[in-house]
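For the sequence shown, UniProt numbering begins at 1 and goes up steadily by one. By construction, the Cβ of each residue, glycine as well, lies at the ideal position given by its N, Cα and C atoms. Single-structure report; data block below.
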Amino acid sequence: MSYLEWAEAQVAEIELLTSMFPSQEELELTDQLALAELRSYVESPADCPPASRPQFLIKQKLSSAGTEGTEMILSCAYPSEYPSVLPDITVRSSGLSRAQQAQLQADLKKHLMENCQGEVCVLAAVDWVKDSLQSLLAAISPKKATPSSVAQEAFSRLWIYSHHIYNKSKRKNILEWSKELGLSGFSMPGKPGIVCVEGPQAACEEFWSRCVELFLLKIDEVQTASFPQTISCFRVKVLTWKKIMIRHREDITLDGQGDDGRPAQGMDSLRKFSTFEEAMFDPHGSRGNHMDLGQLYQFLNEKGCCEVFQMYFGIEGR
Numbered sequence: 001m002s003y004l005e006w007a008e009a010q011v012a013e014i015e016l017l018t019s020m021f022p023s024q025e026e027l028e029l030t031d032q033l034a035l036a037e038l039r040s041y042v043e044s045p046a047d048c049p050p051a052s053r054p055q056f057l058i059k060q061k062l063s064s065a066g067t068e069g070t071e072m073i074l075s076c077a078y079p080s081e082y083p084s085v086l087p088d089i090t091v092r093s094s095g096l097s098r099a100q101q102a103q104l105q106a107d108l109k110k111h112l113m114e115n116c117q118g119e120v121c122v123l124a125a126v127d128w129v130k131d132s133l134q135s136l137l138a139a140i141s142p143k144k145a146t147p148s149s150v151a152q153e154a155f156s157r158l159w160i161y162s163h164h165i166y167n168k169s170k171r172k173n174i175l176e177w178s179k180e181l182g183l184s185g186f187s188m189p190g191k192p193g194i195v196c197v198e199g200p201q202a203a204c205e206e207f208w209s210r211c212v213e214l215f216l217l218k219i220d221e222v223q224t225a226s227f228p229q230t231i232s233c234f235r236v237k238v239l240t241w242k243k244i245m246i247r248h249r250e251d252i253t254l255d256g257q258g259d260d261g262r263p264a265q266g267m268d269s270l271r272k273f274s275t276f277e278e279a280m281f282d283p284h285g286s287r288g289n290h291m292d293l294g295q296l297y298q299f300l301n302e303k304g305c306c307e308v309f310q311m312y313f314g315i316e317g318r
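See below:
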C-alpha cells in the first residue's frame with residue numbers, strides 16, 4: 001500500500017468511529033490538528049504525508065452483571081503505515097491492577113497480530129477488550145445478579161436516515177434482520193433512505209449496529225449471505241463513508257415510566273406498526289429512486305408519527 005492508501009484507510013476508520021461513538025464521552029480526539037492535516041493530505045495529496053498522526057481515546061462502560069460502572073479506555077495512535085502495521089493501543093481500566101492491565105495489553109497485541117494484521121482493527125480491538133475485560137472481572141470477583149442489578153426491559157423506536165438505499169442485498173438484509181430480531185416498522189428505499197424499527201431495545205440496538213457495519217463497510221461478497229454480527233468476525237476489504245445516522249429515537253422502560261413521565265405500557269401495545277415492510281411511495285425520477293414525500297407524510301400520519309417528518313426534512317408535512 002502507498003502512503004495515500006494508508007491515509008485514506010485511517011481517515012475512513014475515524015469517520016466510522018465517530019459514527020459509532022458520537023459523543024466526546026465515548027470518543028475523544030486528542031489531536032485535532034493531526035486529523036485535519038491527514039484529511040487535507042487525502043483530499044489533496046502532496047509529495048510528503050503529514051508527520052503528525054491522529055490520536056484518540058475510546059471510552060466505554062461495562063454493563064454486564066458484576067461489572068456495572070467499570071470503565072475501560074483505549075488510547076489509540078496511528079503509525080504512518082497503519083493498517084499495514086498494527087496501531088498503538090494502550091488499555092486502561094479502573095477494575096484491573098497494573099499487572100492485569102499489562103497482561104491484557106499483551107494478549108490484545110497477540111490477538112490483533114494473529115487476526116487483524118494488515119487491516120483496520122480499532123473496532124475489533126474495542127470488541128475484544130470489552131469481552132475479555134468482562135470475563136476477567138467476572139473471574140476476579142464473581143457476583144450473583146440481584147433483582148436490582150438486572151437490566152430493566154425497555155422498548156425502543158429508532159428513526160434511521162441514510163443518504164440512500166439502493167442496493168438489493170442491503171434492502172434484503174434490512175427485511176431479514178427485522179424479522180429475525182422481532183422488530184416492526186418499515187424501510188423506504190431510494191434517496192434518501194429511511195428506516196424505522198421498533199421493539200425490544202436490545203434488538204433495536206443490534207439492528208442499528210448491523211446497519212452501520214453494512215452501510216459503512218464494503219465486505220467480501222462471499223460472506224454477505226451470512227452477515228456476521230460483530231466487526232471482528234469478518235475481513236475488511238475497503239472502508240468507505242456513507243451518511244447514516246439515527247435521526248430520532250424513543251425509549252420507554254416497561255416496568256417504570258417513559259421519557260414523558262407517563263406509566264409504561266406493554267411491549268406490543270407500544271408498537272405503531274404491526275409488521276415490518278418495505279414501503280414504496282410512487283417512485284419517480286430518472287432512476288426511479290425518489291419517493292413522493294406527500295404520500296410518505298400521509299403514511300406516517302396514519303401511523304400516528306407524522307411529527308417525525310419534520311425531523312427528517314426540516315419542513316412540516318401536509
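Under the three-state DSSP convention, the category residue i falls into
{"i": "G294", "result": "helix"}
{"i": "Q55", "result": "strand"}
{"i": "H284", "result": "strand"}
{"i": "V308", "result": "helix"}
{"i": "H248", "result": "strand"}
{"i": "C196", "result": "strand"}
{"i": "E114", "result": "helix"}
{"i": "E302", "result": "helix"}
{"i": "A106", "result": "helix"}
{"i": "Q24", "result": "coil"}
{"i": "A46", "result": "coil"}
{"i": "K61", "result": "strand"}
{"i": "G314", "result": "coil"}
Cβ pair residue i, residue j closer than 7 Å
{"i": "F21", "j": "L27", "result": "yes"}
{"i": "I89", "j": "L104", "result": "no"}
{"i": "Q295", "j": "F309", "result": "no"}
{"i": "R271", "j": "E198", "result": "yes"}
{"i": "S156", "j": "G193", "result": "no"}
{"i": "P49", "j": "A34", "result": "no"}
{"i": "F273", "j": "G185", "result": "yes"}
{"i": "Y312", "j": "R247", "result": "yes"}
{"i": "W6", "j": "E119", "result": "no"}
{"i": "A154", "j": "D251", "result": "yes"}
{"i": "V11", "j": "V42", "result": "yes"}
{"i": "L136", "j": "S93", "result": "no"}
{"i": "S187", "j": "E278", "result": "yes"}
First through last residue of the alpha helix (DSSP H) which encompasses residue i
{"i": "T30", "result": "Taken as a continuous stretch (DSSP letters only), T30 belongs to no alpha helix (DSSP H), as it is neither H nor E."}
{"i": "A9", "result": "Y3 to M20"}
{"i": "L175", "result": "K168 to E180"}
Opening and closing residue of the beta strand (DSSP E) in which residue i lies
{"i": "R271", "result": "Note, R271: premise wrong, no beta strand (DSSP E); not H, not E."}
{"i": "A279", "result": "Per DSSP, A279 belongs to no beta strand (DSSP E) and is neither H nor E."}
{"i": "T70", "result": "From DSSP, T70 is part of no beta strand (DSSP E); its letter is neither H nor E."}
{"i": "S93", "result": "D88 to S93"}
{"i": "G185", "result": "S184 to M188"}
{"i": "I160", "result": "A154 to S162"}
Any chain D beta carbon closer than 7 Å to residue i
{"i": "A203", "result": "Absent here is chain D; the protein component of the structure consists of one chain."}
Review point. Is there contact between the stretch 166-173 and the stretch 122-140, where contact requires at least three CB pairs shorter than 8 Å?
Key: no
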